[in-house]
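Structure, as structure tokens:
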Amino acid sequence: MRHSVIVIVLIGLTGHLHIEVKGLTLTKSENHTISRQIQSLETVNLPDIIKNDPKYRIDCNPDIDEYRSFCNLNLSVNRTLHTTNQSCTARGCIWDTNIGLGVPTCYIPIEKGGYILKEEPTQLSSAITQYILTRLSTSLLHIRSVTSQSFVNSIPTTRANQFSMFGHDIENLKVQISVSGSQMIRMTIRDANTERYEVPVPIRWDPSASTTTASAKIEFQMKKTMNEQVGFRVQRTDSQSILFDTTFFANGFVYDDQFIQIITTIPSRNVYGFGENTHPTFRHILKGSSRYGIFARDQPPQGTNENLYSTHPFYMVIEPDGQAFGVLIFNSNAQDYKFDEFDNDKAMLTYRTIGGILDVFFFAGSSPELVVQQYQTVIGRPYMPPYWALGFQLCRYGYDTLENMKAAMFRTLNASIPIDVHYGDIDYFQKRLDFTWNQIDFDGLPEYVNWLHDNGMKFITILDPAIDSEEKNYSTYDEGEKANIWIKWPAHRNIQFNETGNRNMIGYFDGLWIDMNEPANFDTNKEQPWNWNLTVPRNESWNLHCPVALEPLDNPPYKTAICGDYISDKTLCMIAEQTNGRERIYTHYDVHNLYGWSEIIATLPAARATENKRSVVISRSTFPTSGSFGGHWLGDNIAEWSHLKYNIIGMLEFNLFGIPYIGADICGFFGNTTEQMCQRWMQLGAFSPYFRNHNGNNENGTKFIEQDPGIFSPTVVASNRRAVELRYTLIPYLYTLFYRVHISGGTVVRSMAHVFPTIPDCWPLDEQFLWGSSLIIAPVIYENHISKSVNLPWTERWFDYYTGQEIITLNQTVVSAPYDFIPLFLRGGVIIPHQQSAMNTVKSRKKPLFLIVALNKNNDASGDLFWDDGESIDTYDKMLFNYFIFTYKSSGLTIEPWTYKYPQMGNEIKLEEIKIFGMNKNLTRILWNGQELKPVEQWIFNATMNVLHMTNLKLNMVKTHKFVFI
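All letters in the sequence shown, in the order written, are residues -23 to -1, 1 to 943 by mature numbering (1 follows the signal peptide of the UniProt record, and there is no 0).
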């Protein structure tokens, strides 16, 4: 959202609230020595392609934007130099211009770079081994970044073994390898002599050795090259597949004070994850790939390689045999990555960061779902949203008045479109001030919120992290000043002291929506912000300027592949100081990417404290572990057709990242949508866990059109109604999926590759997806298309969700998809709970339930239902819930209350009807708990489609029910 005032920016509040994160504890390794052993490293011979093919050369001038594509937004002056022979050889590298496009002219020799084993490994415990490494090459005397303004041309000729890219290489490294059970390995690489910044986010890691060697699924091996450079390898113990191996590119392992690089091979080209970025496909494009930056930024997704709002350095790989593994690089500094092709059927990753340490976790899988579950044992399992948060939600930046806000709501209600949540964006604030409201333009807002509550709906407000320091009698600022919680300039370099007289750095609810928490600041280092208010008399232009010419934090030798001239572009100065509330001071350079995380974990307890209810927090900036506290939306997207696919890819990626409560701004934030686009997007949005229609204000003063679902033509409004009603009938199933991942970990929205990893045709699919493992959603995402190409794997039985007709044409097929229709398919073997729709979830939760049973090839099926009050905190831990098991087997269906601890469900909610798809038998009788059901009145069997429909059942869910089909 857009501020036009000078502000002070808050730090994360975690330290002041002293929040105890349940289930997330940071375990420190033992540091006593148990034993020593001598280990001779195996030598790996480099393949000829590494030695002979120029495309595998390691770039020695990564700080020069000559051969790679950085995000070029706002780029003007800081990336204009080019590599020269002199600058290249001054680093100890080789200069060669006789190469093709895209190949570095300056590269690291194979015999230089990297580290060698310095001493014998030390066994710190049965689960932890430590290695000490030292640099192979010697450092240069006067090396500097060629982008530095103080670069000199008089660097002497390098000696044979001299090599350094930036001149501050860490000489000795300490590598700790720890295992946790049989499926996880952690490799932590630190400076052996000096403490460096490490990510302060609490995680869970319990070093524990496998009971036997045979039980370990993966193992770590340290290898070496002919030049003694060490390589780090992680390998499967069953298939011997090498999951991670830096040995072939050991010369590219650099551990400089502000530049860390590691390059690994990958045993497959099916690579997913890493972000947050806009990827054109879910499976990474390797040929001609882009380098992507990871650095939280107020950056609308535009479909190129720009760095977006969140930081998630986690990727998953599906191997050729269908096994999967995952890798987390736990680092919070600015970083970038590039996936490329390697050899015939493999891939490679070049990863760089400009601070912290290398802390790498490996997850053996071997299924994609197991990979994510293992990852979540480290970062925490997903948050359980309240039931109402799965309903439809409506927002606009630019209502401007309460009358306009109400008009959008009543258009929705008058069109009989269900809705649960209305939002207030910053336009309802007084002068855009947090924790205020405009009592003129939004006169009557408290009464409107009360009206929403009285009618079963909720109101969510926005909060930005920027607090105005110039507004008189602003209690929010005054309270912050008393608590001294502001981000600070360093005492030794306070550029704004003459303006402020202090060290404060200044720059321009049922639930809470926290925005702009990258944190964002408009046009840092420019003369004035883009939204400079020319109507306010001021002596001169003003903006936040960082010491980019003097400070290595604000102008590091390698900026990473992120947008802007400087790393501080659109945010705060990197030398800013933040505290954890316990006297530990961090630079913004290190913890920038943690700002959103620190806000979300402080906001959820505050939101819950108001009414002691579960509440919901939606954050634009996130980091690993954020999914345990709330959700994420995909930012300020655009009303363009391409963004429907970005919506799908973003949902799939954030489910891998451990944040399944995810969605996009339906119909687009920027720009004017069209009826057809919004119609199709509402259909897609109905299957986004976070289901919100939200659009922006204006462009160049021209207001964007309204796009609430009730404003369009009658046919489109009717289509929108059907999409939302369909969503509401499926909320019991969606809520149960969230219950499963909350207690066991995993994903809610899944790719086809995730569910069918052994089927190669599924690996690249990203225009259809699943809820769980059994409901395929196939939205139309292209303009004027009225058919949809869908892949239904031949290994399963598949049914039309709406009719129960079994699909005979499997694998790739084309189905009809009129404008008012979204194709859905059920996989045989599942039982899905439903509930009749109503105008909001308070009303729908009182409606009758119904089941859809889809039989597999063995004529079996199963499912479940989780039910609680939908809003209390920790109902699972407190055993205040009901859990039902549904089983179809041997011509019989059993409905059983496995746990029944929420009696309020009581007699109010009945199971009214059951549909069974794929019954390949002619029924003559149905027995329910020994009693015969009446044909026609209580059941009808369609022999043409093999669909049984039982109605008027009125089953009490407290009891066990058994059906026998004869």
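All C-beta atoms, glycine included, are put in the ideal place defined by N, C-alpha and C.
C-beta contact flag for residue i and residue j at 8 angstroms
i    : j    : result
N624 : L611 : yes
G250 : Y292 : yes
E760 : Q653 : yes
F340 : Y352 : yes
L117 : N204 : no
R68  : M161 : no
I636 : G662 : no
P770 : L787 : yes
F197 : L23  : no
P297 : R591 : no
Endpoints, the beta strand (DSSP E) within which residue i is located
i    : result
K201 : 195 to 201
T66  : From DSSP, T66 is part of no beta strand (DSSP E) but of the alpha helix (DSSP H) over 62 to 66.
V207 : 207 to 213
L440 : 435 to 440
N670 : 669 to 672
A443 : 443 to 445
T772 : Looking at the DSSP string, T772 is not in any beta strand (DSSP E), and its letter there is neither H nor E.
W875 : 869 to 877
C655 : No beta strand (DSSP E) holds C655; the alpha helix (DSSP H) holding it covers 652 to 662.
V337 : 335 to 340
P810 : 807 to 812
Residues of its chain near residue i, where Cβ-Cβ distance is below 8 angstroms and the 5 sequence neighbours each way are ignored
i    : result
I720 : R358, Y853
Y879 : W844, D845, D846, T852, L857, F858, N859
P709 : P810, H811, Q812, L826, L842, W844
Cut-off 6 angstroms between Cβ atoms - residues of its own chain near residue i, not counting five sequence neighbours on either side
i    : result
V178 : T602
Y566 : L530, M551
Y400 : C372, I437
S103 : A186
E528 : I552
Segment limits, alpha helix (DSSP H) that includes residue i
i    : result
L711 : 691 to 721
Y269 : Taken as a continuous stretch (DSSP letters only), Y269 belongs to no alpha helix (DSSP H), being part of the beta strand (DSSP E) at 269 to 271.
Q350 : 345 to 356
Chain-order list of residues whose beta-carbon lies under 7 angstroms from that of residue i (same chain, five-residue window excluded)
i    : result
T82  : T60, W72, D73, T74, I76
V807 : S751, A831, A838, G840
P734 : I295, G299, A301, S344, P345
V935 : P874, Y877
P800 : A755, K765, V767, V792, A794
N494 : P442, Y572, G573, E576, S596, R597, S598
V732 : L747, S750
R388 : D685, G687, I688
E148 : T111, R112
G895 : R774, F776, E783, G805, A831, L832, N923
A169 : I109, N149, L150, K151
A497 : D275, K547, T548
Spatial distance of residue i from residue j (CA atoms)
i    : j    : result
W428 : N381 : 16 angstroms
I219 : K323 : 11 angstroms
N308 : T713 : 33 angstroms
F369 : Y405 : 21 angstroms
C65  : I403 : 51 angstroms
D613 : F646 : 5 angstroms
F319 : N282 : 21 angstroms
Y779 : L390 : 26 angstroms
S393 : R698 : 7 angstroms
V398 : G158 : 44 angstroms
I917 : F798 : 26 angstroms
T255 : R34  : 27 angstroms
T679 : F316 : 41 angstroms
T537 : G332 : 11 angstroms
M325 : D30  : 15 angstroms
D25  : W182 : 40 angstroms
Expected contact under 8 angstroms - CB spacing of residue i and residue j to nearest Å
i    : j    : result
Y535 : F236 : 5 angstroms
Y269 : Y328 : Contact doesn't hold; Cβ gap of about 11 angstroms is too wide.
F464 : A553 : Phe is not the amino acid found at residue 464; the sequence shown has Ile there. Indeed they touch by this definition, with Cβ atoms about 5 angstroms apart.
N304 : F221 : According to the sequence as given, residue 304 is Val; it is not Asn. The pair is a contact, with the Cβ atoms about 7 angstroms apart (cut-off 8 angstroms).
Any chain D beta carbon closer than 8 angstroms to residue i
i    : result
E380 : Among the chains in the structure shown there is no chain D, since it carries only a single protein chain.
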